[in-house]
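Asks:
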Amino acid sequence: MQPHEYPRRILAMAVGLTPQVVTETVYALALARKPAWVPTHIKLLTTAEGALRARLTLLDAESGQFRRMCEEYGLQGRIRFSEDDNTVITDGEGRAVQDIRTPSENALAADAITGFVRNLCADEQAAVHVSIAGGRKTMGYYMGYALSLFGREQDRLSHVLVNEPFEALPDFFYPPAKPRVLFVGASARPATTADARIELAEIPFVRLRYGVPGGWPSGEISFREAVQRAAAHMAPARLCFVPAQRTVIAAGVAVRLPPLLWAWYWTLARACVLRSGVDGMVRPDELDVSALLGAYRRVSGPGSDAPERLNRLLVRDGGIGEAFFREKNAKVNRLLERHLGVAAAQPYCIRSTGKRPYTRCGLTLAPMCVELEDAAR
17 MQPHEYPRRI LAMAVGLTPQ VVTETVYALA LARKPAWVPT HIKLLTTAEG ALRARLTLLD
77 AESGQFRRMC EEYGLQGRIR FSEDDNTVIT DGEGRAVQDI RTPSENALAA DAITGFVRNL
137 CADEQAAVHV SIAGGRKTMG YYMGYALSLF GREQDRLSHV LVNEPFEALP DFFYPPAKPR
197 VLFVGASARP ATTADARIEL AEIPFVRLRY GVPGGWPSGE ISFREAVQRA AAHMAPARLC
257 FVPAQRTVIA AGVAVRLPPL LWAWYWTLAR ACVLRSGVDG MVRPDELDVS ALLGAYRRVS
317 GPGSDAPERL NRLLVRDGGI GEAFFREKNA KVNRLLERHL GVAAAQPYCI RSTGKRPYTR
377 CGLTLAPMCV ELEDAAR
């Protein structure tokens, strides 16, 4: 399905002191391009001053330029846009931010934009079009970066371009159906809107969403944390075991595993480091049971008899069976994929090679990429 075919089409913008970019962008998307992309919703992120200007210049019942444009071009009722669609950036005390001038206000804007874009991109029935035309330069940067982090195949990024002298005219919002004369600068030089040109520059972007380590956790996430998670995915694969917390750290994400699965994964990682079996890949009968039980005892906690019960089970069954082997491998892999995301988990998953009954399993990481603490001691 193409972006213009989605049932919900959301135009998302960060707007500052020039709300004209909203009508200019709608004009470029809905009226000046083929196929037309008519937004069903407009969502703005702005400051207190920006919200005031948007309300008075775009939405006022008498002079609102957005309302006027919709009437002139037959867009009434097709685009939902009201004061409720203006999200104002707030500080930690819930106070509206007046402008983005200080480093702390800049950080607030970054986090607000991160949540704003993320929430819009959570709607699978919507195509989101992010314009970086409005607001301060840093806001445009954050909008584009946030879409790179959260955007899907149907989402788009653009900038609107307006020719001179209309780009700088505070009275110019869009080319009206009936051209009119505006006056430019201190000399009041006349210019007709018939000469206005509005073009949309679509900006390609890398979609990092599908391989972000750990996926995106529920609840709020800061811009800095989102960037760190994305950067961890691009770093060389590294696996670290922390028995005290019963966690493994993969791609910078801490994953807590049940005691037996932690010990199982550690034992296979140890085989990888020691190059046991064939290049670190082992058959069930080649797995170091004593190392497995030692690691299991360490992370099970004092008083647990689970390791001894496992030992008795393995003695009874004559060692680790193939079904037991496959089951534990599959459980570890599922937990890694759940916490890291399917794509990001792949370098750390337990792999199998060969046909039964000669199947070997293990990690395909280079030994230097695995950091073991001696959990068996």
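Numbering (our numbering), first residue to last: 17 to 393. Built from N, CA and C at the ideal position, the CB exists for glycine as well.
Less than 8 Å separating the beta-carbons of residue 219 and residue 175?
Replies: Contact flag set, yes.
Asks: By the 10 Å Cβ neighbour count, where 16 or more other Cβ atoms means buried, how is residue 114 classified, buried or exposed?
Replies: Flag for residue 114 reads exposed.
Asks: Put residue 338 into one of helix, strand or coil per three-state DSSP.
Replies: The answer is helix: DSSP assigns residue 338 an H, G or I state.
Asks: For residue 112, which of helix, strand or coil comes out of DSSP?
Replies: Correct three-state label for residue 112: strand.
Asks: Taking C-alpha atoms, which residue in 209, 108, 160, 145 lies nearest to residue 130?
Replies: Closest by alpha carbon: 160.
Asks: With DSSP run on the structure shown, which of helix, strand or coil describes residue 369?
Replies: Residue state, collapsed to three classes: strand.
Asks: Could you work out which residue in 61, 51, 216, 185 is closest to residue 124 when comparing CA atoms only?
Replies: Comparing Cα-Cα distances from residue 124 to each of 61, 51, 216, 185, the minimum goes to 61.
Asks: Could you check if residue 358 belongs to the surroundings of the ligand GDP, using beta carbon to heavy atom distance under 7 Å?
Replies: As presented, the structure is devoid of all ligands, the ligand GDP included, so that no description of it is given.
Asks: Does residue 119 get closer than 8 Å to chain C when you measure Cβ to Cβ?
Replies: As a matter of chain content, chain C is missing from the structure shown, which is built from one protein chain.
Asks: For residue 265, collect the residues of the same chain with a Cβ closer than 6 Å to its Cβ; drop the 5 residues on either side in sequence, then sort them by chain order.
Replies: Counting only Cβ-Cβ distances below 6 Å, and skipping sequence neighbours, we find 256.
Asks: Quick check: residue 214 and residue 43, are their CB atoms within less than 8 Å of each other?
Replies: Against a cut-off of 8 Å, the Cβ pair of residue 43 and residue 214 comes out as a contact.
Asks: Tell me whether residue 332 is buried or exposed, calling it buried when 16 or more other Cβ atoms sit within 10 Å of its Cβ.
Replies: It counts as exposed.
Asks: From residue 207 to residue 189, what distance separates their C-alpha atoms?
Replies: Rounded to the nearest angstrom, the two C-alpha atoms are 14 Å apart.
Asks: Rounded to whole angstroms, how far is the Cβ of residue 102 from the Cβ of residue 67, which I believe are closer than 8 Å?
Replies: Right, the Cβ-Cβ distance comes to about 5 Å (below 8 Å), so this counts as a contact.
Asks: Quick check: the segment 332–341 against the segment 297–308, are there 3 or more CB pairs under 8 Å?
Replies: Yes: the two stretches touch, three or more of their Cβ pairs being nearer than 8 Å.
Asks: Runs of 3 residues minimum, wholly inside the segment 120–153: which ones carry the beta strand (DSSP E) assignment?
Replies: DSSP runs (the beta strand (DSSP E)) wholly in the segment 120–153: 142–147.
Asks: Looking at C-alpha atoms only, which residue of 49, 366, 100 is the closest neighbour of residue 381?
Replies: Nearest option by C-alpha distance: 366.
Asks: Within the chosen definition, does the segment 184–201 reach the segment 77–97 through at least 3 CB pairs nearer than 8 Å?
Replies: As far as the Cβ criterion goes, the segment 184–201 touches the segment 77–97, which means the pair count is three or higher.
Asks: Measure the alpha-carbon distance for residue 362 versus residue 349 and round it to whole angstroms.
Replies: In a straight line, the C-alpha of residue 362 is about 9 Å away from that of residue 349.
Asks: Quick check on the burial criterion: 16 or more other C-beta atoms within 10 angstroms. Buried or exposed for residue 171?
Replies: Buried, since its Cβ has 16 or more Cβ neighbours within 10 Å.
Asks: If you follow the beta strand (DSSP E) that residue 103 is part of, which residue opens it and which one closes it?
Replies: It spans 102–104 - the beta strand (DSSP E) in which residue 103 sits, taken as one unbroken run.
Asks: Confirm, please, whether the CB-CB distance from residue 145 to residue 27 is below 8 Å.
Replies: Closer than 8 Å, so yes.
Asks: Determine which residues share a DSSP beta bridge with residue 376 and list them.
Replies: Paired residue(s): 369.
Asks: For residue 368, I'd like the list of residues in its chain whose CB is within less than 6 Å of its CB, leaving aside the five on either flank, ordered along the chain.
Replies: Around residue 368: 375, 377.
Asks: Exposed or buried, residue 236, counting other C-beta atoms within 10 Å across all chains shown (16 or more means buried)?
Replies: Its Cβ having fewer than 16 others within 10 Å, residue 236 is exposed.
Asks: Between the alpha carbons of residue 53 and residue 240, how many angstroms are there, rounded?
Replies: Taking the straight line joining both Cα atoms gives about 32 Å.
Asks: Just mark residue 230 as buried or exposed, buried being the case when its beta carbon has 16 or more other beta carbons within 10 Å.
Replies: Only weak support exists for where residue 230 lies, its pLDDT of 48 falling under 50; the value from the coordinates is given anyway. Residue 230 should be labelled buried.
Asks: Confirm, please, whether the CB-CB distance from residue 276 to residue 49 is below 8 Å.
Replies: Taking 8 Å as the Cβ cut-off, residue 49 and residue 276 do not qualify as a contacting pair.
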